[in-house]
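According to mature numbering (1 follows the signal peptide of the UniProt record, and there is no 0), the stretch in the sequence shown is residues -22 to -1, 1 to 92, in order.
Don't be surprised by glycine CBs; every beta carbon is placed ideally from N, CA and C.
See below for the structure under consideration.
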Amino acid sequence: MNAKLSLIAIGLLAAISGYSHAADVAPVMDSKSCESPKYPKAALMNEETGTVTMGFLVAPDGKVVESKVEKSSGSKSLDKAALSALSLCKFKPGTKDGKAEQMWAKVDFVWKLE
């Protein structure tokens, strides 16, 4: 009987400790709330492609309050176009313990020619 109680207690402790880590939820972009970035003419003519990784500081109301390029696509014009366009998107805000809080979100945008 004691062995069963110990296993239940261990299971409860594991669930509680896992719950504290699961309480943080990162912001998520609402892609329907904004337009896709437009390919800059010079980058299109030069057939530039690549992936830009951006960071967005999202307020509790879902608006972007700060943005930055974390990893360049290799083209300044592609990076700038993606950052400018996606900074206008709305996000589902991040939460801590169920309460909306200001948090950073990471977004990749892939530029490719079709």
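Next on the checklist: Please state the DSSP three-state secondary structure of Lys10.
Outcome noted: Along the sequence shown, read from residue 1 onward, the residue named residue 10 stands at position 32. Helix at Lys10.
Next on the checklist: So, for Met81: in the same chain, excluding its five sequence neighbours on each side, which residues have a beta-carbon less than 7 Å away from its beta-carbon?
Outcome noted: Counting from 1 along the sequence shown, the entry for residue 81 is found at position 103. So the qualifying residues of the chain are Ala4, Pro5, Val36, Gly72.
Next on the checklist: Classify Ile(-13): buried if its beta carbon has 16 or more other beta carbons within 10 angstroms, exposed otherwise.
Outcome noted: Counting from 1 along the sequence shown, the entry for residue -13 is found at position 10. Low confidence applies to Ile(-13): its pLDDT is 37, below 50, so where it sits in the model is not reliable, and the reading given next is rough at best. Under a 10 Å Cβ-count criterion, Ile(-13) is classified as exposed, with fewer than 16 other Cβ atoms of the shown protein chains found around its own Cβ.
Next on the checklist: Between which two residues does the alpha helix (DSSP H) holding Ser62 run?
Outcome noted: Locating residue 62 in the sequence shown gives position 84, counting from the first residue. Residues 54 to 64.
Checklist entry - Who are the near neighbours of Ser11 in its chain, counting only those whose CB is closer than 7 Å to its CB and skipping five residues on each side? => result On the sequence shown, residue 11 is found 33 positions in, with the first residue counted as 1. The answer, listed in chain order, is Cys67, Lys68.
Next on the checklist: Using the three-state DSSP reduction, which class does Leu22 fall into: helix, strand or coil?
Outcome noted: The residue given as residue 22 occupies position 44 in the sequence shown. Three-state result, Leu22: helix.
Next on the checklist: For a test of the three-state rule: what should DSSP assign to Asp86, helix, strand or coil?
Outcome noted: As a position in the sequence shown, residue 86 is number 108, starting the count at 1. In the displayed model, Asp86 falls within a strand according to three-state DSSP.
Checklist entry - Does the Cβ-Cβ distance between Pro15 and Ala78 come in under 7 Å? => result Indexing the sequence shown from 1 puts residue 15 at position 37. Indexing the sequence shown from 1 puts residue 78 at position 100. With a cutoff of 7 Å on beta-carbon distance, Pro15 and Ala78 are scored as not near each other.
Item to check | Three-state secondary structure assigned by DSSP to Ala78 | outcome: On the sequence shown, residue 78 is found 100 positions in, with the first residue counted as 1. Correct three-state label for Ala78: strand.
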